[in-house]
Amino acid sequence: MSMKVSDYVLHRLREWDVDHVFAYAGDGINGLLAAWGRAGDKPRFVQARHEEMAAFEAVGYAKFSGKVGVCAATSGPGAIHLLNGLYDAKLDHVPVVAIVGQTNRSAMGGSYQQEVDLASLYKDVAADFCETVTVPEQLPNVLDRALRTAYARHTVTAVIIPADVQELEYSAPTHAFKMVPSSLGVAHYAPVPADDDLHRAAEVLNSGEKVAILVGQGARAARAEVEHTADVLGAGVAKALLGKDVLPDDLPYVTGSIGLLGTRPSYEMMRDCDTLLVVGSSFPYTQFLPDFGQARAVQIDADPFMVGLRYPFEVNLVGDAAGTLKRLLPQLDAKKHGKWRRTIERNTARWWEVMQRRAAVDADPVNPEYVVHALDELLPHDVMLAADSGSAANWYARHLRMRGAMRGSLSGTLATMGPGVPYVIGAKFAHPDRPALAVVGDGAMQMNGMAELITAAKYWREWADPRLVVAVLNNQDLNQVTWEMRAMEGAPQFLPSQSLPDVRYADFARSIGLDGIRVEEPGGVRDAWQRALGSDRPFVVDFRTDPAVPPIPPHATWDQIEAAASAVLQGDPDRAAMVRQGVKAKIQEMLPGRRHREDRPGAGDEG
């Protein structure tokens with residue numbers, strides 16, 4: 001039986017164990033769509049509502065499965081729509097392959113309908129590999145290299161296939177001049193540093209008295225080794241947001257997230273340490289790392305292009321996190337768990353008490369911190385979590401404690417709006433037997449989350465565990481930007497850009513066969529979570545939350561807090577008392593147990 005190029009593309013994807021392709025139809029990939037019909041929908045064509053959502057779903061699938069995510073789109077506008085999701089994958093180092101159509105070869109260069117210079121368009125996002133197939137013999141090499149490169153370099157690759165090429169009879173490359181045969185599979189390897197580099201790293205870490213560890217997503221497969229290292233060094237461990245699920249938060253020395261959305265104990269640990277070990281993280285915000293010259297530092301990363309970027313590291317170890325730590329541990333001197341470690345554990349315990357107090361602050365109508373804090377103890381042990389960009393990410397970072405087999409992610413480096421709902425849909429295709437939950441703002445929900453609920457409605461009956469919960473923090477405000485304007489510019493809310501219409505999200509979910517509830521008072525929060533987590537289908541919880549609860553970072557100065565409060569009062573003087581209460585809670589968070597005026601944030605260099 002003859003095979004077309006389009007048939008071979010799907011055949012080769014199956015050989016690479018690709019079981020889902022997230023896509024949207026268009027005539028630029030008509031040949032592939034017909035091939036899907038002939039192939040019995042294998043690999044599975046998952047129909048998103050928009051190509052950008054297809055790319056985000058591929059990213060979510062890759063993040064939660066560890067496998068390559070594959071997305072497909074038509075030529076021209078379809079290929080353009082993929083870009084935001086593909087850049088999300090590129091910047092978070094996630095393996096994703098995009099397969100896109102192109103106009104017929106005979107029309108190329110003729111300013112034909114939907115003709116876009118895709119090679120130029122994808123030159124940056126798929127810089128490691130982007131190729132156009134012009135003859136059948138280019139396959140399977142082009143597909144193999146795209147998949148192998150995505151896996152090996154944790155990046156985005158692209159394969160462009162003109163519409164007429166999809167319809168050609170497939171002809172395999174032969175043992176002939178200028179033909180390039182290929183083979184399946186990617187070699188699994190775990191690089192480890194040279195012995196001399198390990199000795200130098202051990203010397204740095206052994207010489208320190210106050211060791212801090214920062215882990216990122218590159219340490220996810222090294223949980224046991226990180227725990228052992230922290231124990232030997234008497235260290236505390238902070239987590240970059242993409243590495244939030246690397247270590248459980250019930251370990252007393254895990255200080256939680258770091259950075260703009262991070263915790264006070266992570267900030268204080270970095271401020272006061274004399275030695276820093278970074279494992280599997282390219283955390284970019286250097287202002288949250290120790291001052292230059294304060295700490296001796298060692299970095300471990302499997303990617304030689306990502307070492308030495310963020311801090312003047314004394315030793316850069318290029319190697320797999322688990323393998324490198326295993327070789328490093330025998331050379332480390334065990335430190336006594338003294339004052340440094342006790343201080344970290346005490347600060348961390350106090351932080352969680354502060355979070356509980358902040359969640360208990362009255363708000364109008366519901367405190368968003370209480371919404372997320374109440375969820376924490378109800379989370380299933382194997383839940384897959386996602387947060388969208390915005391103030392929702394603050395509460396995800398600070399109030400949800402990872403434990404057991406929980407997984408979590410968000411758009412870490414691109415910090416784009418809109419991936420929360422498609423992430424968890426992709427996660428459900430990766431693990432249909434596990435519950436998934438997204439915390440999103442109403443801005444992101446209106447941008448694309450509502451439409452993507454239709455995708456969930458289409459497929460949820462196929463999932464062994466039907467639970468997919470979308471929690472909308474509905475404050476009718478683009479809240480993160482509003483607060484950034486207040487804190488950084490001292491400006492009141494600019495309503496034309498920031499105000500959002502109120503939408504009945506739960507009603508919309510019910511209208512398409514899902515379930516949902518609207519919560520407008522604190523007494524209904526816990527019951528709503530329990531109902532959602534016990535539902536027999538995807539569930540939307542529309543929480544009417546207070547936009548005046550400040551997501552101000554842990555390092556904010558006193559002047560910034562006062563400027564933010566003043567901006568709120570200018571914008572809405574009727575809510576002065578409530579805002580002061582929120583600011584007071586923020587001060588309690590930032591100054592736990594402090595008595596002296598000179599110790600307040602912003603009074604000296606510590607701010």
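Take the sequence shown: its letter number 62 is residue 62 in full-length UniProt numbering, and every next letter is one higher. Ideal Cβ placement from N, Cα and C applies to all residues, glycine included.
Check, Outcome
"Quick check: what's the CA-CA separation for residue 514 versus residue 540?", "8 Å"
"Output the distance between the C-alpha atoms of residue 263 and residue 444, rounded to the nearest integer angstrom.", "24 Å"
"Residue ranges of each beta strand (DSSP E) run of no fewer than 3 residues wholly in the stretch 476-559, ordered along the chain?", "515-519 and 539-544"
"Rounding to the nearest angstrom, what Cα-Cα distance links residue 381 and residue 374 in this structure?", "15 Å"
"Who does residue 161 pair with in a DSSP beta bridge?", "101"
"Within the continuous alpha helix (DSSP H) that includes residue 23, where are the two ends?", "Taken as a continuous stretch (DSSP letters only), residue 23 belongs to no alpha helix (DSSP H), being part of the beta strand (DSSP E) at 20-23."
"Where do the N-terminal and C-terminal ends of the alpha helix (DSSP H) with residue 275 fall, by residue?", "It is not in any alpha helix (DSSP H) - residue 275 instead sits in the beta strand (DSSP E) that spans 275-279."
"So is residue 286 buried or exposed if we call it buried at 16+ other beta carbons inside 10 Å?", "exposed"
"Run the CB neighbour count on residue 342, radius 10 Å, all protein chains shown included, and call it buried at 16 or more, exposed below.", "exposed"
"Would you kindly check if the distance between the Cβ of residue 243 and the Cβ of residue 215 is under 8 Å?", "yes"
"Quick one: what's got a C-beta closer than 6 Å to residue 413's C-beta in the same chain, skipping five residues either side?", "91 and 92"
"Could you pull out every unbroken beta strand (DSSP E) segment of at least 3 residues lying fully inside the UniProt domain \"Thiamine pyrophosphate enzyme central\" (199-328), listed in chain order?", "211-215, 236-239, 254-257, 275-279, 296-301 and 315-318"
"Counting C-beta neighbours from all protein chains within 10 Å, is the total for residue 210 16 or more, i.e. buried, or is it exposed?", "buried"
"CA-CA distance, residue 87 and residue 470?", "24 Å"
"Assign residue 364 to one of two classes, buried (16 or more other C-beta atoms within 10 Å of its C-beta) or exposed (fewer than that).", "exposed"
"Taking the DSSP output, what are the residues bridged to residue 474?", "544"
"Does DSSP put residue 342 in a helix, a strand or coil?", "helix"
"Give me the Cα-Cα distance between residue 447 and residue 549, rounded to the nearest whole angstrom.", "23 Å"
"Where residue 350 and residue 250 are concerned, what is the direct C-alpha to C-alpha distance, given to the nearest angstrom?", "13 Å"
"With residue 441 as the anchor, note down where its beta strand (DSSP E) starts and where it stops.", "436-441"
"Using CA atoms only, rank isn't needed, just tell me which of 421, 40 and 254 is closest to residue 386.", "421"
"Using a Cβ-Cβ cutoff of less than 7 Å, which residues in the same chain neighbour residue 306 once the five nearest sequence positions on both sides are dropped?", "282"
"Please go through the same chain and pick out, in chain order, the residues whose beta-carbon is closer than 6 Å to the beta-carbon of residue 259, but skip the five residues on each side of it.", "285 and 288"
"Please state if the CB of residue 48 and the CB of residue 455 are separated by a distance shorter than 8 Å.", "yes"
"Considering only DSSP beta bridges, list what residue 4 is partnered with.", "169"
"Take residue 98 as the anchor and find which of 180, 389 and 132 has the nearest alpha-carbon.", "132"
"Name the residue from 66, 80 and 39 whose alpha carbon lies nearest to the alpha carbon of residue 51.", "80"
"Per DSSP, which one or two residues make a beta bridge with residue 385?", "408 and 437"
"Using CA coordinates, which residue listed in 417, 440, 406 and 346 is at the minimum distance from residue 434?", "406"
"Label residue 234 either buried or exposed according to how many other C-beta atoms from any shown protein chain fall within 10 Å of its C-beta, with 16 as the threshold for buried.", "buried"
"Thinking just about the alpha-carbon of each residue, which of 416, 528 and 436 is nearest to the one in residue 425?", "436"
"Just to confirm before moving on: does the CB-CB distance between residue 473 and residue 439 stay below 8 Å?", "yes"
"Please state the DSSP three-state secondary structure of residue 353.", "helix"
"What does the alpha-carbon distance come out to for the pair residue 254 and residue 237?", "5 Å"
"Assess, as a yes-or-no matter, whether the stretch 220-227 is touched by the stretch 310-330 under the definition of 3 or more beta carbon pairs within less than 8 Å.", "yes"
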